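Asks:
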Amino acid sequence: MSRDAQEAIWCGNQRSLARFDPKIALGPEVPHVLVETVVADGTEIARTAAEEVRVPSSVRRFEFHYTALKLARPEEARFRHRLTGLDADWIEAGSDRVAQYSRLEPRDYQFEVSAAGGDGIWHEAGVPLKLRVLPQLWERHSVRGL
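For the sequence shown, my numbering assigns the number 167 to the last residue and increments by one with no breaks.
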């Protein structure tokens, strides 16, 4: 029996025989990035199925907690994030899994996260999380015009 055949794992059932070779390289790992929680002023915010978070402009501190699924070596994961409507470019976060922002102006934003595994390749960001910071009464354009 050859050396390769000895290292393979053979599995059989009533109709067939399958061979698993642990030396076969897997393709590039594509991590699935997930925003786990959104915290506003220390309180976790419930999210709707539409993946939109609405908060009043009185909120002073935002935290976005995120992770990546399907990483073979999670200790090698690197992240970057951006809040469109505020950040011009991606912010390199290293291994951190929390993004923090404070005192956001009333408007619509989108929070995006991208991950790279041990291969160092940045993968597409997951579905952006929509954040709508709602103006207080005195911050509305119609009231300011008066």
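In this text, a Cβ means the ideal position worked out from N, Cα and C, and glycines have one as well.
In this text the structure is predicted, and so the values were computed from the model without any measurement.
Please confirm if the segment 121-137 is in contact with the segment 95-106, defined as three or more CB-CB distances below 8 Å between the two stretches.
Replies: A contact exists between the segment 121-137 and the segment 95-106.
Asks: So Arg99 and Ser79 are supposed to be a Cβ contact under 8 Å. How far apart are they, rounded?
Replies: In fact, because the Cβ distance is near 34 Å, the residues do not count as touching under 8 Å.
Asks: Leaving aside the five residues before and after Leu155 along the sequence, list all residues of the same chain whose C-beta is less than 8 Å from its C-beta, in chain order.
Replies: The residues are Arg75, Val76, Pro77, Ser78 and Pro127.
Asks: Am I right that Leu150 and Val56 are in contact with their C-beta atoms under 8 Å? What's the rounded C-beta distance?
Replies: So it is a contact: roughly 5 Å between Cβ atoms.
Asks: Any contact of the segment 58-65 with the segment 26-35, i.e. 3+ C-beta pairs under 8 Å?
Replies: Taking 8 Å as the limit for Cβ pairs, the verdict is that the segment 26-35 does not touch the segment 58-65.
Asks: With DSSP as the reference, please indicate the residues paired to Glu84 in a beta bridge.
Replies: According to DSSP, Glu84 bridges with Val60 and Gln121.
Asks: Could you spell out where the beta strand (DSSP E) holding Ser135 opens and where it closes?
Replies: First-last of the beta strand (DSSP E) with Ser135: Arg128 to Ala137.
Asks: Which of the three DSSP states is assigned to Glu145 in this structure?
Replies: Reduced to three states, the DSSP call for Glu145 is coil.
Asks: How would you call Ala120, buried or exposed, if buried means at least 16 neighbouring beta carbons within 10 angstroms?
Replies: So Ala120 counts as buried.
Asks: Express the C-alpha separation of Ala39 and Asp25 in angstroms, rounding to a whole number.
Replies: A caution first: Asp25 carries a pLDDT of 48, below 50, which makes its placement in the model too unreliable to give a value.
Asks: For Ala150, which beta-bridge partners are listed by DSSP?
Replies: Note on identity: in this sequence residue 150 is Leu, with Ala being the wrong assignment. Leu150 is bridged to Phe132.
Asks: For Ser123, is the classification buried or exposed, using 16 other Cβ atoms within 10 angstroms of its Cβ as the cut-off for buried?
Replies: Exposed, because fewer than 16 other Cβ atoms sit within 10 Å of the Cβ of Ser123.
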